[in-house]
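Working notes for the structure below.
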Amino acid sequence: LLYWNSDSTNLPGPMYTWYLRNTYFENNLVKPGKCTVAGDKVDLSKIDIPVYVYGSREDHIVPIAGAYASTRHLPGKKRFVMGASGHIAGVINPPAKNKRSYWTNDKLPATADEWMKSAKEHPGSWWTDWAGWLKGHAGKLVAAPKGYGKGTKYKAIEPAPGRYVKAKA
């Protein structure tokens, strides 16, 4: 986990600048039609599907109030869950480790502070809550394909994990 934490993102400069400007400085992602991706205008109010929103309580990159605010911009049915710890350790918390805790609240008041006042703490990983939510929204289970790239227009380039995983940044 700590090694992953020190891994660089290796993003192209112009892409990273666009990302910071549109999603942080100008907050264009939440302004209908103000942000475009590949020429298409983005309007979060059109994403009317069930959404599971997760935030880490001590996240220094995506503060919990910011993660929670996303529930105000998506019209579909939403579930917000807060995990203990920070940006990486909060997210990467396998149930088998039996570490940390997470909070749930079926109500979605206006702010994260209000949400936390009546949230219920659960021991262990938030992954179990997510798995239950996914099961309730998923279709029938199907067997995983035995091979990769067969019968599709997108053929496998090379076997997993791929040379980019082993490349030194």
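In this text, residue positions in the sequence shown follow my numbering: the first is 207, and each later residue adds one. Yeah, the Cβ is synthetic: ideal placement off N, Cα and C, and Gly gets one too. Bear in mind the structure is a predicted one, so any value in this text is a computation, not a measurement.
Have a look at the DSSP bridge pairing and note the partners of residue i.
| i | result |
| --- | --- |
| T242 | K247 |
| E327 | W309 |
With a threshold of 7 Å on Cβ separation, who are the neighbours of residue i within its own chain once the five nearest residues in sequence on each side are excluded?
| i | result |
| --- | --- |
| P281 | S251 and D254 |
| K284 | V257, V259, T277 and L314 |
Assuming residue i and residue j are in contact, meaning their beta carbons sit under 8 Å apart, how far apart are those beta carbons, in whole angstroms?
| i | j | result |
| --- | --- | --- |
| Y274 | G289 | 13 Å between Cβ atoms; not a contact. |
| L235 | T229 | 5 Å |
Near residue i, what residues of its chain come up, given a Cβ to Cβ distance below 8 Å and the 5 sequence neighbours on each side ignored?
| i | result |
| --- | --- |
| H266 | G292 and H293 |
| M268 | Here the sequence assigns Val to residue 268, which means Met is not the residue at that position. These residues qualify, in order along the chain: G261, S262 and H293. |
Whose C-beta lies closer than 6 Å to the C-beta of residue i among residues of the same chain, with five residues either side of it excluded?
| i | result |
| --- | --- |
| D335 | V287 |
| T310 | V287 and K326 |
| A271 | A318 |
| Y225 | none |
Problem set entry | Three-pair Cβ contact test at 8 Å for the stretch 321 to 338 versus the stretch 230 to 250 | No, the stretch 321 to 338 does not touch the stretch 230 to 250.
Problem set entry | Completely contained beta strand (DSSP E) runs for the stretch 252 to 322, where each covers 3 or more residues | 257 to 262, 284 to 289 and 307 to 310
For this session: Note down, one range per segment and in chain order, each beta strand (DSSP E) of at least 3 residues found wholly within the stretch 330 to 354.
Result: Secondary structure remark: continuous beta strand (DSSP E) runs of at least 3 residues inside the stretch 330 to 354: none found.
Exercise. How do the stretch 293 to 305 and the stretch 329 to 342 stand: do at least 3 beta-carbon pairs fall below 8 Å, yes or no?
Worked result: yes
For this session: Pair every Cβ in the stretch 312 to 320 with every Cβ in the stretch 292 to 299, then say whether three or more of these pairs are closer than 8 Å.
Result: no
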